[in-house]
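In the numbering used here, the protein residues as written are 8 to 322.
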Amino acid sequence: MDETLPPKTVFIYNPAAGAGEASLHLDDFEKLINKRWEFKSLCTDKDFVSEQVRELCEKGYNRIIVFGGDGTVREVINGVMISTRNPIVGIIPQGTGNDLARALGYYKKFMNNPLMYMNDLIAGMEKPKYRFCRILSLNGKVYFANYLGIGFDARIARKFHEKRFLPLYNRLIYLICIINNLHFKVKEQIRISFKDTESRLYEETIENFKNLLLINIPSYGGGLIKIEDIDLKGNTFHLMFMKGIPEMLFFLLRGKLPETLLPGRRFEIYKTDEVEISLPHNKVFIQIDGEDFTGRTGDCIKLTVKTAGKIKFFL
Numbered sequence: 008m009d010e011t012l013p014p015k016t017v018f019i020y021n022p023a024a025g026a027g028e029a030s031l032h033l034d035d036f037e038k039l040i041n042k043r044w045e046f047k048s049l050c051t052d053k054d055f056v057s058e059q060v061r062e063l064c065e066k067g068y069n070r071i072i073v074f075g076g077d078g079t080v081r082e083v084i085n086g087v088m089i090s091t092r093n094p095i096v097g098i099i100p101q102g103t104g105n106d107l108a109r110a111l112g113y114y115k116k117f118m119n120n121p122l123m124y125m126n127d128l129i130a131g132m133e134k135p136k137y138r139f140c141r142i143l144s145l146n147g148k149v150y151f152a153n154y155l156g157i158g159f160d161a162r163i164a165r166k167f168h169e170k171r172f173l174p175l176y177n178r179l180i181y182l183i184c185i186i187n188n189l190h191f192k193v194k195e196q197i198r199i200s201f202k203d204t205e206s207r208l209y210e211e212t213i214e215n216f217k218n219l220l221l222i223n224i225p226s227y228g229g230g231l232i233k234i235e236d237i238d239l240k241g242n243t244f245h246l247m248f249m250k251g252i253p254e255m256l257f258f259l260l261r262g263k264l265p266e267t268l269l270p271g272r273r274f275e276i277y278k279t280d281e282v283e284i285s286l287p288h289n290k291v292f293i294q295i296d297g298e299d300f301t302g303r304t305g306d307c308i309k310l311t312v313k314t315a316g317k318i319k320f321f322l
């Protein structure tokens with residue numbers, strides 16, 4: 008097992024994350040680890056990072072520390088999943104949303120005391136304690152940990168990506184994108200098919216809707232939404248379908264107010280381990296882990312999302 012071998016660590020960092028702070032924390036981490044173990048630093052190249060991580064895993068790097076946000080973490084997850092090894096992954100949260108870091112409990116600890124958090128991470132490297140986190144796949148080719156959305160949140164992801172390099176605070180840009188696209192709906196027909204945990208088959212054609220969301224972790228929208236009943240170690244994820252603004256309001260305020268006081272309209276939440284989604288074309292707005300994925304499925308208009316395995320993350 009990889010964790011029983013001496014630590015061989017790679018630091019993956021996104022220089023643009025956290026307004027450039029990722030490289031500063033990398034310097035701090037390298038000073039803390041000093042010469043105790045072999046380590047390598049790798050600046051992310053979005054087009055090649057998954058393959059770079061795969062190669063490093065095959066070369067025996069068994070501890071991976073990611074300095075970045077959910078997008079960088081997703082690329083690392085892809086590299087681990089396509090490798091034949093099983094390293095342990097840690098996160099120094101530096102993105103806009105940091106939902107996986109929030110779900111794993113990293114974000115709060117890091118924000119409270121970055122230096123203590125990094126020291127604790129290093130202290131646990133030699134004889135590591137870890138947890139498993141379920142990973143999903145899209146058509147057996149793209150791996151991710153957080154969520155996949157079709158519709159409103161995917162359109163917001165695209166608009167945010169177009170504007171995120173403006174000299175404005177990222178969360179302000181995100182809010183502006185939400186307000187400007189509040190009335191957006193998916194007009195096209197989309198076919199979904201899945202079985203719930205009781206093996207009941209659901210087949211439905213949906214259209215003129217706000218959002219279809221497959222969510223795998225208990226944090227969404229940069230911690231805006233917390234879904235307490237999602238088990239990271241289990242085999243199922245949640246499927247949610249929101250027809251319009253009333254359902255979106257219920258989703259956004261769920262857990263913040265007693266249900267009797269919630270505005271909006273309730274909607275069904277299903278648990279499943281596989282969903283098939285048929286799209287009318289490849290221009291429908293899609294996001295994966297908060298990153299715009301529209302048009303990136305090529306000519307494929309049939310999407311299969313399913314539980315693909317588990318990755319080890321530091322406790």
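Idealized CB from N, CA, C, for every residue including glycine.
In chain order, what residues of the same chain have a beta carbon less than 6 Å from the beta carbon of Ser200, not counting five sequence neighbours either side?
-> Your numbering for residue 200 matches position 193 in the sequence shown. Once the five neighbours on either side are set aside, the close Cβ partners of Ser200 are Glu210 and Glu283.
From Ile186 to Thr16, what does the alpha carbon distance come to, in whole angstroms?
-> As a working mapping, residue 186 is identified with position 179 in the sequence shown. As a working mapping, residue 16 is identified with position 9 in the sequence shown. Each residue's alpha carbon lies about 43 Å from the other.
Residues bridged to His245 by DSSP?
-> Position 238 of the sequence shown, counted from the first residue, corresponds to residue 245. In DSSP, His245 forms a bridge with Ile222 and Lys278.
Closer than 7 Å, CB to CB, is Cys184 near chain D or not?
-> Among the chains in the structure shown there is no chain D, since it carries only a single protein chain.
Please report how far the alpha carbon of Arg43 lies from the alpha carbon of Met123, in whole angstroms.
-> On the sequence shown, residue 43 is found 36 positions in, with the first residue counted as 1. On the sequence shown, residue 123 is found 116 positions in, with the first residue counted as 1. Spanning the alpha carbons of Arg43 and Met123 requires a straight line of approximately 18 Å.
Is there contact between the segment 104 to 111 and the segment 219 to 232, where contact requires at least three CB pairs shorter than 8 Å?
-> Contact between the segment 104 to 111 and the segment 219 to 232 is established, with three or more Cβ pairs separated by less than 8 Å.
Buried or exposed by the 16-neighbour rule on C-beta atoms within 10 Å, applied to Val127 | Locating residue 127 in the sequence shown gives position 120, counting from the first residue. Before going on, a small fix: residue 127 reads as Asp here, not Val. The residue is exposed, with fewer than 16 neighbouring Cβ atoms inside 10 Å.
If we ignore side chains and look at the alpha-carbon of each, how far apart do Ala161 and Phe18 end up?
-> Taking the first residue of the sequence shown as position 1, residue 161 is located at position 154. Taking the first residue of the sequence shown as position 1, residue 18 is located at position 11. Those two C-alpha atoms are separated by around 30 Å.
Say whether the segment 73 to 81 touches the segment 94 to 102, bearing in mind that this needs 3 or more beta-carbon pairs closer than 8 Å, one atom from each stretch.
-> Segments in contact, yes.
Pick from Val312, Met125 and Leu155 that is closest to Asp299, judged by C-alpha positions | Here residue 299 is taken as the residue at index 292 of the sequence shown, counted from 1. Comparing Cα-Cα distances from Asp299 to each of Val312, Met125 and Leu155, the minimum goes to Leu155.
Are the beta-carbon atoms of Ile142 and Phe321 separated by less than 7 Å?
-> Looking up residue 142 in the sequence shown gives position 135. Looking up residue 321 in the sequence shown gives position 314. In this structure, Phe321 does not lie closer than 7 Å to Ile142 by Cβ.
Going by the beta-carbon positions, is the gap between Arg165 and Thr11 smaller than 7 Å?
-> Residue numbering aside, residue 165 sits at position 158 when the sequence shown is read from its first letter. Residue numbering aside, residue 11 sits at position 4 when the sequence shown is read from its first letter. The Cβ-Cβ distance between Arg165 and Thr11 does not fall below 7 Å.
Please confirm whether Arg61 and Ile84 have their CB atoms less than 7 Å apart.
-> Start at 1 with the first residue of the sequence shown, and residue 61 comes out as number 54. Start at 1 with the first residue of the sequence shown, and residue 84 comes out as number 77. Judged by their CB atoms, Arg61 and Ile84 are not nearer to each other than the 7 Å cut-off.
Nearest-angstrom Cβ-Cβ length linking Thr279 and Lys217, presumed shorter than 8 Å = Taking the first residue of the sequence shown as position 1, residue 279 is located at position 272. Taking the first residue of the sequence shown as position 1, residue 217 is located at position 210. Not confirmed; about 20 Å, so no contact.
Drop a sphere of 10 angstroms on the beta-carbon of His190, count the other beta-carbons inside from all chains shown, and report buried for 16 or more, exposed for fewer.
-> Along the sequence shown, read from residue 1 onward, the residue named residue 190 stands at position 183. Residue environment for His190: exposed (fewer than 16 other C-beta atoms within 10 angstroms of its C-beta).
Are Ile247 and Ile224 closer than 7 Å when you measure CB to CB?
-> Counting from 1 along the sequence shown, the entry for residue 247 is found at position 240. Counting from 1 along the sequence shown, the entry for residue 224 is found at position 217. In the sequence on display, residue 247 carries Met and not Ile. In this structure, the beta-carbon distance from Met247 to Ile224 does not fall below 7 Å.
Tyr68 in three-state terms, based on DSSP | Counting from 1 along the sequence shown, the entry for residue 68 is found at position 61. Note: Tyr68 maps to coil in three-state DSSP.
Just checking my contact of Pro22 with Cys50 at CB under 8 Å: how many whole Å lie between their CB atoms?
-> On the sequence shown, position 15 is the one that residue 22 refers to. On the sequence shown, position 43 is the one that residue 50 refers to. So it is a contact: roughly 6 Å between Cβ atoms.
What number of angstroms, rounded off, separates the C-alpha of Gly158 from the C-alpha of Asp296?
-> Locating residue 158 in the sequence shown gives position 151, counting from the first residue. Locating residue 296 in the sequence shown gives position 289, counting from the first residue. Rounded to the nearest angstrom, the two C-alpha atoms are 14 Å apart.
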